[in-house]
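*Asks:* Below is one structure. I have some questions about it.
Number of protein chains: 2
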Amino acid sequence: MTEPVEIERKFLVVGQSWREGAEVDLLSQGYLPTTDECSVRVRIIGERAYLTIKGPTIEGARAEFEYPVPLAHARSMLHQFCQGRMIAKRRYSLRHGGRLWTVDAFEGALAGLLLAEVELDHVGQEVDLPPWLGREVTDDPRYLNSALAEATAPPED
Amino acid sequence: MTEPVEIERKFLVVGQSWREGAEVDLLSQGYLPTTDECSVRVRIIGERAYLTIKGPTIEGARAEFEYPVPLAHARSMLHQFCQGRMIAKRRYSLRHGGRLWTVDAFEGALAGLLLAEVELDHVGQEVDLPPWLGREVTDDPRYLNSALAEATAPPED
Numbered sequence: 158m159t160e161p162v163e164i165e166r167k168f169l170v171v172g173q174s175w176r177e178g179a180e181v182d183l184l185s186q187g188y189l190p191t192t193d194e195c196s197v198r199v200r201i202i203g204e205r206a207y208l209t210i211k212g213p214t215i216e217g218a219r220a221e222f223e224y225p226v227p228l229a230h231a232r233s234m235l236h237q238f239c240q241g242r243m244i245a246k247r248r249y250s251l252r253h254g255g256r257l258w259t260v261d262a263f264e265g266a267l268a269g270l271l272l273a274e275v276e277l278d279h280v281g282q283e284v285d286l287p288p289w290l291g292r293e294v295t296d297d298p299r300y301l302n303s304a305l306a307e308a309t310a311p312p313e314d
Numbered sequence: 158m159t160e161p162v163e164i165e166r167k168f169l170v171v172g173q174s175w176r177e178g179a180e181v182d183l184l185s186q187g188y189l190p191t192t193d194e195c196s197v198r199v200r201i202i203g204e205r206a207y208l209t210i211k212g213p214t215i216e217g218a219r220a221e222f223e224y225p226v227p228l229a230h231a232r233s234m235l236h237q238f239c240q241g242r243m244i245a246k247r248r249y250s251l252r253h254g255g256r257l258w259t260v261d262a263f264e265g266a267l268a269g270l271l272l273a274e275v276e277l278d279h280v281g282q283e284v285d286l287p288p289w290l291g292r293e294v295t296d297d298p299r300y301l302n303s304a305l306a307e308a309t310a311p312p313e314d
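Sequence order for the protein chains is A and B. Just so it is clear: in the first sequence, position 104 is 261 by the working numbering, and no numbers are missing. Just so it is clear: in the second sequence, position 144 is 301 by the working numbering, and no numbers are missing.
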């Protein structure tokens with residue numbers, strides 16, 4: 158069997174030059190109350206919705222199981238189970254160096270926070286870093302979306 | 158929208174007369190590490206697998222969101238996320254008084270425990286109780302499957 162895993166790098170963002178030509182989606186997501194061992198995320202992106210189970214990051218990779226769910230179910234789960242653990246953000250998608258990058262612009266309590274992410278095919282893969290990247294935060298647990306969902310302000314450097 | 162809810166009554170079982178004519182399935186299920194607010198269950202029944210989110214029981218009803226998942230995903234989630242929170246049982250299905258009843262015969266640490274369940278269409282619905290029912294445990298939190306999954310022996314009366 159192919160084990161579904163997520164391998165990604167995550168960076169702060171400087172400047173605005175990444176915005177040019179990027180596509181944007183509105184994301185609303187929340188987390189069920191789990192322990193640190195895994196996260197259970199409900200995400201609405203446009204008119205589509207997903208339930209996603211993620212394990213802890215181990216040596217740069219993370220098990221990820223994602224399933225589409227009816228939009229009405231997702232809204233109900235967010236309302237019933239995710240109060241106080243929600244994130245709203247705009248996701249900008251763009252290509253750089255042959256890879257898909259996303260820049261998430263957070264809203265609400267985290268307004269002003271910009272996080273860039275790129276998914277890799279394997280741990281340690283070389284990737285062409287765009288010039289608008291700031292500090293890498295891949296291994297900083299404060300920038301996990303599940304942690305940000307409970308934060309009252311962007312993490313301070 | 159129709160809100161998916163589960164309304165059920167749960168009983169201990171006396172005697173063996175319920176076994177006659179019942180169909181049996183092997184169930185293996187585990188729980189992701191969540192708080193008491195909700196449960197996230199991974200279940201394998203025969204060759205099928207499901208991911209199920211349930212809320213707390215409020216006035217006899219419980220929100221329930223269930224999705225089929227690939228068998229290999231379920232096996233992997235049970236292995237990665239549910240150690241120490243697993244249940245194996247045989248589920249006997251039978252009809253009584255025009256309704257579907259199940260009797261779960263637990264294995265492993267809970268061997269000997271038998272729990273009968275019936276699903277209702279609405280809270281307070283009249284239901285014909287079969288003669289092999291013992292004490293009702295609908296509101297006893299020790300008999301929640303998510304609690305039993307962490308128990309080292311059947312609850313004592």
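We put the beta carbon where it would ideally sit given N, CA and C, even for glycine.
1) Would you tell me roughly how many angstroms separate the C-alpha atoms of G172/A and V280/A, rounded to the nearest one?
2) Using DSSP's beta-bridge definition, name the partner residues of E264/B.
3) Does the region 222-235 of chain A come close enough to the region 193-201 of chain A that 3 or more CB-CB pairs lie under 8 Å?
4) Just to confirm my understanding: we take E160/A, look at its own chain, exclude 5 residues before and 5 after, and list those with CB closer than 7 Å. What are they?
5) In chain B, what lies closer than 8 Å to V197/A by C-beta?
6) Which runs of the alpha helix (DSSP H), 4 residues or longer, sit entirely within the region 254-307 of chain B?
7) In the DSSP output, what is E163/A paired with across the bridge?
8) Out of L251/B, Q240/B, L272/B, P311/B, which has the shortest C-alpha to C-alpha gap to G187/B?
9) Check Q173/A in the structure and name its three-state DSSP category.
10) Quick one, which of G178/B, G255/B, Y249/B, T192/B has its alpha-carbon nearest V284/B's?
11) List, in chain order, every chain B residue whose beta-carbon is nearer than 9 Å to that of S233/A.
12) Answer with buried or exposed for M158/A, where buried requires no fewer than 16 other C-beta atoms within 10 angstroms of its C-beta.
13) Which of helix, strand or coil does DSSP assign to L189/A?
14) Identify the contact partners of Q237/B in chain A, using a Cβ-Cβ distance below 7 Å as the criterion.
15) Kindly list the residues whose CB is nearer than 7 Å to the CB of E194/B, restricted to its own chain and excluding five residues on each side of it in sequence; keep chain order.
16) Is the separation between the beta-carbon of A266/A and that of A231/A shorter than 8 Å?
17) For L272/B, which of R292/B, D278/B, H253/B has the nearest alpha-carbon?
18) Exposed or buried, which one is S303/A when buried takes at least 16 other CB atoms within 10 Å?
19) My output table needs one value for R252/B: the three-state DSSP class, helix, strand or coil.
20) Assuming V170/A and L290/A make a contact with CB atoms under 8 Å, what is their CB distance in whole Å?
*Replies:* Looking at the coordinates:
1) As a working mapping, residue 172/A is identified with position 15 in the first sequence. As a working mapping, residue 280/A is identified with position 123 in the first sequence. If you draw a straight line from the Cα of G172/A to the Cα of V280/A, it comes to about 28 Å.
2) On the second sequence, position 107 is the one that residue 264/B refers to. According to DSSP, E264/B bridges with nothing at all.
3) The region 193-201 of chain A makes contact with the region 222-235 of chain A: 3 or more CB pairs, one atom from each, lie closer than 8 Å.
4) Numbered from its first residue, the first sequence carries residue 160/A at position 3. Within its own chain, the residues whose Cβ lies closer than 7 Å to the Cβ of E160/A, once the five positions on either side in sequence are excluded, are A220, listed in chain order.
5) In the first sequence, the residue the question calls residue 197/A occupies position 40. Here the neighbours are L189, T191, V197, I210.
6) Qualifying alpha helix (DSSP H) stretches, in chain order: 302-305.
7) The residue labelled residue 163/A in the question sits at position 6 within the first sequence. Among the bridge pairs identified by DSSP, E163/A is matched with R219/A.
8) Mapped onto the second sequence, residue 187/B falls at position 30. Of L251/B, Q240/B, L272/B, P311/B, the residue nearest in Cα terms is Q240/B.
9) Numbered from its first residue, the first sequence carries residue 173/A at position 16. Looking at Q173/A - three-state DSSP - the assignment turns out to be coil, as it is neither helix nor strand.
10) Residue 284/B sits at position 127 when you count from the first residue of the second sequence. When only C-alpha atoms are compared, the closest one is G255/B.
11) In the first sequence, counting from the first residue as 1, residue 233/A sits at position 76. By Cβ distance, chain B contributes M158, E160, P161, A220, F222.
12) Reading the first sequence from its first residue, position 1 is the one you call residue 158/A. Since pLDDT at M158/A reaches only 48, below the 50 mark, its modelled position is unreliable, and the value read off the structure follows with that caveat. By the C-beta density criterion, M158/A is exposed, having fewer than 16 other C-beta atoms within 10 angstroms.
13) For the purposes of this step, residue 189/A is identified with residue 32 of the first sequence, where counting begins at 1. Coil, per DSSP.
14) If you number the second sequence from 1, residue 237/B lands on position 80. Simply G212, A220.
15) Here residue 194/B refers to the residue found at position 37 of the second sequence. Answer for E194/B: P213, listed in chain order.
16) For the purposes of this step, residue 266/A is taken as residue 109 along the first sequence, with counting starting at 1. For the purposes of this step, residue 231/A is taken as residue 74 along the first sequence, with counting starting at 1. Between A266/A and A231/A, the C-beta spacing is not below 8 Å.
17) Working through the second sequence from its first residue, we reach residue 272/B at position 115. For L272/B, the nearest C-alpha among the options comes from R292/B.
18) Position 146 of the first sequence, counted from the first residue, corresponds to residue 303/A. With 16 or more neighbouring CB atoms inside 10 Å of its own CB, S303/A falls in the buried class.
19) Sequence index remark: in the second sequence, residue 252/B carries index 95 (1-based). In this structure, R252/B counts as strand in the three-state DSSP scheme.
20) Translated into the one-based positions of the first sequence, residue 170/A becomes position 13. Translated into the one-based positions of the first sequence, residue 290/A becomes position 133. Yes, they are in contact, since the Cβ atoms of V170/A and L290/A sit about 7 Å apart, within 8 Å.
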